[in-house]
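Structure first, then comments.
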Amino acid sequence: MLKLLGAVCILLSTSAIGFRKAHSFAERPRQIRRIRGSLSLLQTEIVYGSRRLDRICEHIAARETGSVGSLYARCGEYLKTWDGVSTFECWKRAVEETWPLMSLKEPEREILIDFGKTLGVSNREDQLTHLARVRTNLEVEENQARDEQLRYEKMCRSLGILGGALIVILIY
Amino acid sequence: MLSPILDVLPLSIRRIIESLPEREKKDLEEIRVRQERPLEVVHPLRSRFITPDGRLVHQKEHAFCPGKSVCVKMLNLISNHSLYALEEELRRGYVTIRGGHRIGLTGRVVVENGRVKHIQEVTGFNVRVAREVKGSARHFVPILGNGSLENLLIVSPPQCGKTTLLRDLVRIVSSGEGIPPRKVGVVDERSEIAGCVDGVPQHEVGPRTDVLDSCPKAEGMMMMIRSMSPDLLVVDEIGRREDSDAVFEAIHAGVHLFTTAHGRSMEEVCRRPGISELVREGVFSRYILLSRRKGPGTVEAVYDQSLNRIPESLAVRR
Chain A
1 MLKLLGAVCI LLSTSAIGFR KAHSFAERPR QIRRIRGSLS LLQTEIVYGS RRLDRICEHI
61 AARETGSVGS LYARCGEYLK TWDGVSTFEC WKRAVEETWP LMSLKEPERE ILIDFGKTLG
121 VSNREDQLTH LARVRTNLEV EENQARDEQL RYEKMCRSLG ILGGALIVIL IY
Chain B
1 MLSPILDVLP LSIRRIIESL PEREKKDLEE IRVRQERPLE VVHPLRSRFI TPDGRLVHQK
61 EHAFCPGKSV CVKMLNLISN HSLYALEEEL RRGYVTIRGG HRIGLTGRVV VENGRVKHIQ
121 EVTGFNVRVA REVKGSARHF VPILGNGSLE NLLIVSPPQC GKTTLLRDLV RIVSSGEGIP
181 PRKVGVVDER SEIAGCVDGV PQHEVGPRTD VLDSCPKAEG MMMMIRSMSP DLLVVDEIGR
241 REDSDAVFEA IHAGVHLFTT AHGRSMEEVC RRPGISELVR EGVFSRYILL SRRKGPGTVE
301 AVYDQSLNRI PESLAVRR
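Going down the list, the protein sequences come from chains A and B.
Quick note, the first sequence lines up with residues 1 to 172 if you use UniProt numbering.
Quick note, the second sequence lines up with residues 1 to 318 if you use UniProt numbering.
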């Protein structure tokens, strides 16, 4: 009886690990797409709205939920409350603090942090080019992430269950 | 009064300015920040450097020198991290902040098709403290005309208080202090008279005043006449050909005009082509000449239409 309970526990936990891994594969392209969407919003506000960056951040934070929203919320707050610190510092700190909530990988992080260096510090035209560049870069990552999702999502899930089953069989 | 200015100063400079004695803060005129060079503060009739512990000195050796990071921070604070929203301001070379104060900017200029596009590396800031001296124009009410308004030209060298005087005249005419109130249209090309931020005047310009902010003068005057039916048009610093054309247009439309011009004396002003024509045609019926002899706003003389001095008793120094 106890043995059976143990076997069920092992099976459940390995499946959970597998599902979680699979979820992160599914989540990554989705989050990249949401970030890209938020960047379009940012672009519209910069080019047509000409609003202040901290207000734009608040605006986007109100529209986006989850980790992307909290990235902008934090950035907006730092822009407003930190005394004359560069825009890059604020953005970088916001990215770093929301990172644990995201399922993104190193390339996206580099793209995002690199983008912070140009955010807000130049004229409209320049902002537009930088935004376009970031969005293209993110698009490449998104495609790659989607490929990975197709390849690994199901595999992770089955690997979790089957791996658990294997362990159970071996020790039973 | 200084709080909007303190908000845009980086912490290191803000501390120093805050530590100044009250009386020094009270008549502060300019704070000049230049990268790698001594921080300067300007008071009426004198300019001094400032040490890191807030003492005012004349030698530059002991002065506080803001570095590059301070200038970057200052630009961040002025622009609210949004340089793209300041394109127009960077082209003109100055920003108006809350309270109507103005910050002049210098640095490396980017030129496109022979025209200034914007300033790239901003390394020099001139924070000009805007001062409202309410009542500074009260003495001039008797010369503004009893029945209908006179057309007025204020002549003065820079920094002698002509914009301050003009602003107070706007307030007096618009609120009707001592004279019947009238509708006033201000074309504020350089955001100096009303000091608008987001289109809202930061200075008191009276309840019947409409402001076209950062609008070219000649075009703005026409727009005002067509759309706002002002009794009095107010513009700052006329001098170009198209300005005087617009002035004629306005005068013939039956609108009165208060304006200013740079110059040390009436002769000097009359030598400028745009203005000499206006003077010759007798467009203006009153002239006020200002100087800085006894501090900003010293009234040197008041003239009538044919450039005869009006008795001193009317031209009282405030």
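The C-beta atom is built at its ideal place from N, Cα and C for all residues, glycine as well.
What is the DSSP secondary structure of residue 129(A), reduced to helix, strand or coil? Here residue 129(A) sits in helix by DSSP.
Cut-off 7 Å between Cβ atoms - residues of its own chain near residue 241(B), not counting five sequence neighbours on either side: The beta carbon of residue 241(B) is closer than 7 Å to those of 274 in its chain, skipping five residues each way along the sequence.
May I ask you to verify whether the stretch 242 to 249 of chain B touches the stretch 117 to 134 of chain B, counting CB pairs closer than 8 Å and requiring at least 3? No, the stretch 242 to 249 of chain B does not touch the stretch 117 to 134 of chain B.
What residue range does the beta strand (DSSP E) around residue 35(B) cover? It is not in any beta strand (DSSP E) - residue 35(B) carries neither H nor E in the DSSP assignment.
Tell me whether residue 315(B) sits in a helix, a strand or coil according to DSSP, three-state version. Confidence at residue 315(B) is low in this model, with a pLDDT of 46, below 50, so the placement of that residue should be treated as unreliable; the coordinate-derived value is given next. DSSP places residue 315(B) in the coil class of the three-state scheme, outside both helix and strand.
From 276(B), 308(B), 271(B), pick the residue whose C-alpha is nearest to that of residue 286(B); which is it? Nearest C-alpha to residue 286(B): 308(B).
Does the beta-carbon distance from residue 4(B) to residue 103(B) come in below 8 Å? Between residue 4(B) and residue 103(B), the gap from beta carbon to beta carbon reaches 8 Å or more.
Measure the alpha-carbon distance for residue 80(B) versus residue 105(B) and round it to whole angstroms. Rounded to whole angstroms, residue 80(B) and residue 105(B) show a C-alpha spacing of 16 Å.
Can you name the start and end residues of the alpha helix (DSSP H) that residue 344(B) belongs to? Because chain B here runs from 1 to 318, residue 344(B) falls outside it and cannot be looked at.
For residue 168(B), the three-state DSSP class (helix, strand or coil): Assigned with DSSP and collapsed to three states, residue 168(B) falls in helix.
Is it the case that the Cβ atoms of residue 206(B) and residue 212(B) are separated by a distance below 8 Å? Cβ atoms of residue 206(B) and residue 212(B): not closer than 8 Å.
Between which residues of its own chain and residue 73(A) is the CB-CB distance below 6 Å, once the five residues before and five after are set aside? Once the five neighbours on either side are set aside, the close Cβ partners of residue 73(A) are 61.
Using beta carbons (cut-off 8 Å, strictly below), is residue 318(B) in contact with chain A? Note that residue 318(B) scores 40 on pLDDT, short of 50, meaning its location in the model is unreliable and no value can be drawn from it.
If you reduce the DSSP assignment to three classes, tell me which class residue 300(B) lands in. Residue state, collapsed to three classes: strand.
Check whether the Cβ of residue 120(B) sits closer than 7 Å to any heavy atom of the ligand PLP, and report yes or no. Here there are no bound small molecules, and the ligand PLP is not part of this structure.
Using a Cβ distance threshold of 8 Å, determine whether the stretch 31 to 51 of chain A contacts the stretch 10 to 20 of chain B, with at least three qualifying pairs required. No, because fewer than three Cβ pairs between the stretch 31 to 51 of chain A and the stretch 10 to 20 of chain B fall closer than 8 Å, the two stretches do not touch.
Mind checking residue 226(B): buried by the 16 CB within 10 Å criterion, or exposed? Note on residue 226(B): under 16 other CB atoms within 10 angstroms of its CB, so exposed under the neighbour-count rule.
Amino acids of chain B, ordered along the chain, whose beta-carbon sits closer than 9 Å to that of residue 116(A): Residues of chain B passing the Cβ test: none, with the nearest at roughly 11 Å.
At 3 residues or longer, and completely inside the stretch 52 to 119 of chain B: list those beta strand (DSSP E) runs for me, N to C. Listed in chain order, they are 94 to 96, 102 to 112.
For residue 65(A), name the three-state secondary structure that DSSP assigns. In this structure, residue 65(A) counts as coil in the three-state DSSP scheme.
Would you kindly work out how many angstroms separate the C-alpha atoms of residue 29(B) and residue 158(B), rounded to a whole number? About 13 Å.
For residue 261(B): DSSP bridge partner residues: Under DSSP, the beta-bridge partners assigned to residue 261(B) are 155(B).
Does residue 168(A) come within less than 8 Å of chain B when only Cβ atoms are used? Not flagged as an interface residue toward chain B: residue 168(A), since no C-beta distance is shorter than 8 Å.
So, for residue 87(A): in the same chain, excluding its five sequence neighbours on each side, which residues have a beta-carbon less than 8 Å away from its beta-carbon? The residues are 53, 79, 116, 119, 120, 121.
Classify residue 110(A): buried if its beta carbon has 16 or more other beta carbons within 10 angstroms, exposed otherwise. Exposed, because fewer than 16 other Cβ atoms sit within 10 Å of the Cβ of residue 110(A).
Does the beta-carbon of residue 234(B) have 16 or more other beta-carbons within 10 angstroms, so that it is buried, or is it exposed? Buried: at least 16 other Cβ atoms inside 10 Å.
Residue 87(B) CB to nearest chain A CB: under 8 Å? The beta carbon of residue 87(B) sits closer than 8 Å to some beta carbon of chain A.
Does the Cβ-Cβ distance between residue 163(B) and residue 136(B) come in under 8 Å? Their beta carbons are not under 8 Å apart, which means residue 163(B) does not touch residue 136(B) by this criterion.
Quick one: using the 10 Å Cβ neighbour count with 16 as the cut-off for buried, is residue 76(B) buried or exposed? Under this definition residue 76(B) is a buried residue.
Using 10 angstroms around the beta-carbon of residue 317(B), count the other beta-carbons present and answer buried if the total reaches 16, otherwise exposed. Confidence in residue 317(B) is poor, its pLDDT being 43 and thus under 50, which makes the residue's placement unreliable; the coordinate value appears in the next sentence. Around the C-beta of residue 317(B), fewer than 16 other C-beta atoms lie within 10 Å, and the residue is accordingly described as exposed.
Taking residue 94(B) as the query, report the chain A residues whose CB atoms sit under 7 Å from its CB, ordered along the chain. What residue 94(B) touches in chain A: nothing, since even the nearest Cβ is about 17 Å away.
To which residues of the same chain is residue 43(B) closer than 8 Å at the C-beta, ignoring the five residues directly before and after it? Counting only Cβ-Cβ distances below 8 Å, and skipping sequence neighbours, we find 24, 27, 28, 29.
I'd like to know whether the C-beta atoms of residue 141(A) and residue 100(A) end up nearer to each other than 8 Å. No; because the gap between Cβ atoms is not below 8 Å, this pair is not in contact.
In the DSSP assignment, find the alpha helix (DSSP H) that holds residue 40(A) and state where it starts and stops. Residue 40(A): member of the alpha helix (DSSP H) spanning 2 to 44, first to last residue.
In whole angstroms, give me the CA-to-CA distance for residue 148(B) and residue 70(B). The C-alpha of residue 70(B) is placed about 53 Å away from the C-alpha of residue 148(B).
Compute the distance between the beta-carbons of residue 319(B) and residue 167(B), then report whether it is under 8 Å. With chain B represented from 1 up to 318, any question about residue 319(B) goes unanswered, as that position is not in the structure.
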